[in-house]
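J.: This structure is in structure tokens; I'll ask about it shortly.
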Amino acid sequence: MHSWKDTCKAALKAAKKPALAFLLALIAGGIMIAISGYDPFWVYYQVFALAFSSAKNIASVFAQATPLMFTGIGYAIAAKCGLVNLGLEGQMLSGAMTSALLGAYLRGLPMVIHLPIAVLGGAVAGAFVGGLTAFLKNRFGAREIITTVMLNEIIALLVAYMCNGPFRAEGSIWGMTEEVQSTAVIGKLMDNTQLTYAIFLALLLGILLEFVLKKSTLGYKMQVIGQNIRAAKTAGINVERIFLISFALSGALAGLCGSAMILGVNFKFIDGFSDSYGWSGISVAALAAYDPLFSVVSAVLFGILKAGAMILNRTSNVPKEFVSVIQAFVVVFVAAPRMVDAITSFGWLKRRLPKKQADKEKGGIA
Amino acid sequence: MNVIEMKNVSKSFPGTKAVDSVDFYLKEGEILSLLGENGAGKTTLMKILYGMHHMDSGEIWFKGKPVQIEKPSDAIDLGICMVHQHFMLVSAFTVADNIIAGCEPCNGIFVDRKQEYRAVEELIEKFHFGIDPYAKVGTLSVGEQQRVEILKTLYRKAEVIILDEPTAVLTPHEVDDLFAVLDDLRKSGKSVVIITHKLKETKAIADRVMVLRDGKMIRDDVDPRKSSFNELSDMMVGRHVELGVVDRTKRTGDVILSIRDLCLEEKGHVLLQNIDLDIHSGEILGLAGIEGNGQSQLLECITGLRTPQTMTVMIDGKPVSGGPREFLLSGLAHIPEDRNAMGLVSTMSISDNLILGYQDTPAFSQHGLLRQQRIQQQAQELREEFQIKAPDIQTKVGALSGGNAQKVVTARALSQRPKVLIVAQPTRGVDVGASEYIRARIRQLRDEGAAVLLVSADLDEIMQLSDRIAVIYEGKIVYETPADVLSDVELGMLMTGGSPEDLKGAAHRHA
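Heads up: the sequence lines are chains A and B, in that order. This note's numbering puts the first residue of the first sequence at 1, with every later residue one more than the last. This note's numbering puts the first residue of the second sequence at 367, with every later residue one more than the last.
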């Protein structure tokens with residue numbers, strides 16, 4: 001078979017640009033930290049050192065990474081066929097609400113039935129919202145970039161209404177649903193941490209979707225559509241069907257992110273609980289060059305930053321929000337490869353310039 | 367006097383030496399044909415002159431003085447302009463707006479419309495271009511759009527005009543118009559370089575020929591009037607290629623592809639009108655016509671990409687309807703007119719591209735998974751059979767030359783042993799050697815009993831390859847004839863709306 005060796009080689013080559021983008025994002029984030037009056041070297045050192053300073057902190061890294069894995073893979077699977085799913089946040093919220101309600105109001109079921117139903121319910125809800133976007137695109141030609149963002153608003157307000165209105169827990173002053181039954185709780189991997197078995201589900205799905213993408217006819221069709229939709233149509237590929245599948249998969253992943261947060265960490269839907277898990281998925285997938293399996297790795301990278309920053313925040317005044325700044329910069333640098341080229345051609349990297357220029361001009365040999 | 371001299375110019379791209387110590391010169395008031403196959407370095411050499419590429423070493427002299435050309439605007443300032451293969455026009459703008467864009471006559475902060483149109487009208491008048499400056503570019507034919515591009519260069523006071531493959535998209539008639547324009551330019555003292563690999567046109571218009579091969583200058587002073595096609599071709603290719611092989615069908619059988627009553631309307635415009643076509647087993651039917659007379663739409667309809675108002679298609683006696691998939695599965699293979707946009711995924715490997723459209727057939731998949739071993743094996747075989755020049759089958763198709771990319775599309779279509787082959791522009795942008803090879807393979811498929819519909823803007827190709835010719839004009843089939851009955855002039859007349867009666871008159875005059 002033509003094999004893992006080549007796959008690895010290709011992966012390394014593909015990883016070069018994202019790695020550079022991440023490095024630049026760290027530098028840009030460092031400048032922000034410096035402007036805020038802290039020493040960026042010290043902060044970064046502390047973040048990475050603290051993240052690995054104890055078993056509990058390592059668990060915290062993976063706990064932070066778990067939701068990002070789901071949404072990262074979700075974004076990647078849509079991106080592979082050329083779709084921009086900006087609706088992960090809404091899909092995640094609808095999954096979270098569905099899981100919270102199924103978890104709280106289904107009673108008297110054994111765990112082996114209740115938990116899968118609650119988890120699957122979240123996936124289905126996310127897939128439904130994602131599928132709706134694909135339907136609007138296929139049927140009416142509505143651009144998914146617009147509809148997903150609009151649906152985010154609609155769903156955010158809908159779930160806020162639900163947890164403040166009809167489904168508000170009795171006696172609660174803050175908008176939140178009833179706590180889920182113990183039969184619908186995802187088990188912890190380590191006591192007193194937020195790390196749950198959901199991480200294995202995320203990993204499994206990452207591997208599964210990577211396999212689908214690389215080895216199946218479905219994955220082949222998705223890639224053809226993503227890279228040349230006209231050729232896909234000419235070749236008789238049912239583009240609309242693949243869009244639907246891809247968007248539903250993407251939404252399902254986002255929905256599962258919600259499920260994992262509700263059933264594993266919060267145990268109820270709390271108004272405004274999301275730490276932008278959906279939006280973070282974009283950074284995660286971008287850093288992974290929109291590859292499902294690499295999204296898992298890139299989620300861990302962000303997990304380190306997030307967990308480290310949170311721990312640091314407990315003992316110092318360094319705001320943990322700088323991680324969001326870095327996340328945003330990653331997207332900027334991944335989305336603007338020419339800017340990366342321009343920045344890296346300054347100064348000590350300048351001697352690389354002639355080669356780079358030649359690369360760019362390569363398109364014009366014809 | 368030499369208006370341009372390039373001395374010892376070299377340029378490397380990663381992995382290839384695109385231009386290798388080339389000396390180039392251009393005389394005032396001459397038309398130079400820069401002849402070479404795809405990838406010979408002719409476009410690169412001219413892009414260096416135009417400032418789009420930077421040479422690794424060498425010098426450029428303009429009117430006896432050394433000059434530095436860093437970017438296209440430097441070249442334009444000197445009066446060196448280039449018309450690219452793909453036009454750079456805004457189709458929603460008028461002709462005049464397109465021409466002045468970038469150096470508008472200004473009146474304060476406003477564009478001086480009066481002056482703009484006067485200047486453009488004068489130019490059109492002076493060079494007999496026959497274009498309406500008020501027309502929207504989107505409504506013009508390809509040939510007219512090209513003239514707009516040339517006008518753009520003249521408006522910028524060009525003295526040297528470089529045309530990249532100017533006839534690639536033109537019909538015979540448009541080619542003649544273009545040559546008339548070029549002749550006018552020559553008479554008014556402009557120097558013209560045409561980058562081409564077409565021999566007929568080189569002979570028709572050029573004063574001098576330079577031949578490039580593999581980045582090296584082979585000859586710089588060939589007189590086109592004293593060289594035969596085969597001599598030029600051999601210089602260009604570096605070995606002997608038999609040109610223009612004619613090999614008509616020996617045996618035709620039953621009707622394999624039958625199209626009845628194809629009508630297509632769009633927004634009140636009739637694009638195709640009552641098209642009936644029958645193609646027999648063992649026959650190549652060539653569809654001759656000027657581009658934009660409904661060929662693209664016809665191709666879309668009979669490959670399932672578009673559903674017309676009415677159409678009955680029978681393949682081997684069985685009715686076919688639905689989308690491209692249904693047509694594909696009923697034994698119709700399609701070599702699309704624009705291979706890069708419709709036929710290939712340039713970012714994917716050769717082997718991945720060789721299964722495109724057939725990925726669900728049992729040969730390539732099982733239980734929804736790709737049978738990689740088979741796919742690779744087949745790709746390996748096809749690469750050898752079709753002599754696709756690439757390091758291996760994992761090479762991205764985007765890295766291949768036009769000829770090799772077209773071989774990938776052709777190999778894919780032919781490997782499925784189709785009953786019907788729909789092939790459009792099979793050799794557009796393809797070098798001489800590969801063109802002849804692809805044509806031979808199409809003939810071979812015909813001899814194996816397939817029905818072939820050939821659509822090409824290249825009338826020579828239609829006349830060389832077809833066993834029967836149908837002429838399409840404004841969405842109608844206006845004439846059908848066996849091959850070798852009508853001359854290219856007569857066909858050209860039919861293609862531009864002349865009636866068969868005119869034909870008799872013409873034949874009479876000939877006699």
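C-beta atoms are modelled at their ideal positions from N, C-alpha and C, and glycine is treated no differently. Remember, it's a predicted structure, so these values are computed and weren't measured experimentally.
#1: Contact between the region 548-561 of chain B and the region 376-389 of chain B: three or more CB pairs below 8 Å?
#2: Does any residue of chain A have a CB that is nearer than 8 Å to the CB of Val456/B?
#3: Can you tell which of Trp42/A, Ala235/A and Cys8/A has its C-alpha closest to the C-alpha of Val318/A?
#4: Does any CB atom of chain A fall closer than 8 Å to the CB of His876/B?
#5: Give me the Cα-Cα distance between Leu665/B and Val129/A, rounded to the nearest whole angstrom.
#6: I'd like to know whether the C-beta atoms of Ala156/A and Gly255/A end up nearer to each other than 8 Å.
#7: Is DSSP giving Met412/B helix, strand or coil here?
#8: Mind checking which residues open and close the beta strand (DSSP E) that includes His114/A?
#9: Of all Cβ atoms in chain E, is any one closer than 8 Å to the Cβ of Val334/A?
#10: Three or more C-beta pairs under 8 Å: does that hold for the region 765-779 of chain B against the region 675-689 of chain B?
#11: Less than 8 Å separating the beta-carbons of Ile528/B and Met448/B?
#12: Please tell me whether Ala423/A has its Cβ less than 8 Å away from any Cβ of chain B.
#13: What did DSSP end up calling Glu361/A once you bin it into helix, strand or coil?
#14: Chain B partners of Lys221/A, CB-CB under 8 Å?
#15: Can you tell me whether Ile368/A is helix, strand or coil according to DSSP?
#16: Could you check whether the region 224-244 of chain A touches the region 86-106 of chain A, counting it as contact only if at least three pairs of C-beta atoms, one from each stretch, sit closer than 8 Å?
#17: For Leu643/B and Leu637/B, which I take to be in contact (beta-carbon distance under 8 Å), what is that distance rounded to the nearest angstrom?
#18: I need the straight-line Cα distance from Thr847/B to Arg834/B, nearest angstrom please.
#19: With a Cβ-Cβ cutoff of 8 Å, do Phe428/B and Glu515/B count as a contact?
#20: Compute the Euclidean distance between the alpha carbons of Gly474/B and Ala441/B, then round it to the nearest angstrom.
#21: Check the Cβ of Arg691/B against every Cβ in chain A and list those closer than 9 Å, keeping chain order.
#22: Could you tell me which whole alpha helix (DSSP H) segments of length 4 or greater appear in the region 797-839 of chain B?
#23: Can you check DSSP and say which residues form a bridge with Arg574/B?
#24: Check for me: the beta strand (DSSP E) holding Trp427/B runs from which residue to which?
#25: Whole angstroms are fine: how far does the CA of Tyr220/A sit from the CA of Gln760/B?
#26: Would you say Lys350/A faces chain B, with C-beta separation under 8 Å as the test?
#27: Given that a residue counts as buried once 16 or more other Cβ atoms are within 10 Å of its Cβ, and exposed if not, what is Gly363/A?
#28: Under 8 Å by Cβ, that's how I've got Ile262/A and Gly103/A pegged, so tell me the actual separation to the nearest angstrom.
#29: Just list the residues that DSSP pairs Ile681/B with in beta bridges.
#30: Residues of chain A with CB under 7 Å from Met708/B, in chain order?
#31: Identify which residue in Glu487/B, Asn404/B, Leu536/B and Leu819/B has its Cα closest to the Cα of Lys785/B.
#32: Is Val611/B buried or exposed, if buried means 16 or more other CB atoms sit within 10 Å of its CB?
#33: Given a cut-off of 8 Å, decide if Leu520/B and Leu489/B are closer than it, judged by their beta-carbon atoms.
#34: Quick one: grab the DSSP three-state call for Pro471/B.
#35: Report the rounded CA-to-CA distance for Ile173/A versus Thr196/A, giving the unit in angstroms.
#36: If I follow the unbroken alpha helix (DSSP H) through Arg241/A, where does it start and stop?
T.: Working from what's here:
#1: no
#2: no
#3: Trp42/A
#4: Reliability fails at His876/B, whose pLDDT of 48 lies under 50, so the model's placement of it is uncertain and the value that follows must be treated cautiously. Judged by the 8 Å Cβ criterion, His876/B is not in contact with chain A.
#5: 38 Å
#6: no
#7: helix
#8: Not the beta strand (DSSP E): His114/A falls in the alpha helix (DSSP H), residues Met111 to Phe140.
#9: In the displayed structure, chain E is absent; the protein chains listed are A and B.
#10: no
#11: yes
#12: Residue 423/A lies beyond the range of chain A shown here (1 to 366); nothing can be said about it.
#13: Low confidence applies here, because Glu361/A scores a pLDDT of 41, under 50, leaving its location unreliable; read the following figure in that light. Three-state DSSP puts Glu361/A in a helix.
#14: Gln725
#15: Since the first and last residues shown for chain A are 1 and 366, residue 368/A lies out of range.
#16: no
#17: Not a contact, Cβ separation roughly 16 Å.
#18: 6 Å
#19: no
#20: 28 Å
#21: Ala235, Gly236, Ile237 and Asn238
#22: 798-813 and 825-831
#23: Leu398/B
#24: Ser423 to Phe428
#25: 15 Å
#26: The predicted model places Lys350/A with a pLDDT of 47, which falls under 50 and marks its position as unreliable; any figure quoted below should be read in that light. It does not: the Cβ of Lys350/A has no partner Cβ on chain B nearer than 8 Å.
#27: The pLDDT assigned to Gly363/A is 38, lower than 50, so where the model puts this residue is not dependable, and the model offers no usable value.
#28: 7 Å
#29: Leu623/B and Lys684/B
#30: Arg230, Ala231 and Thr234
#31: Leu819/B
#32: exposed
#33: yes
#34: coil
#35: 29 Å
#36: Val239 to Ala260
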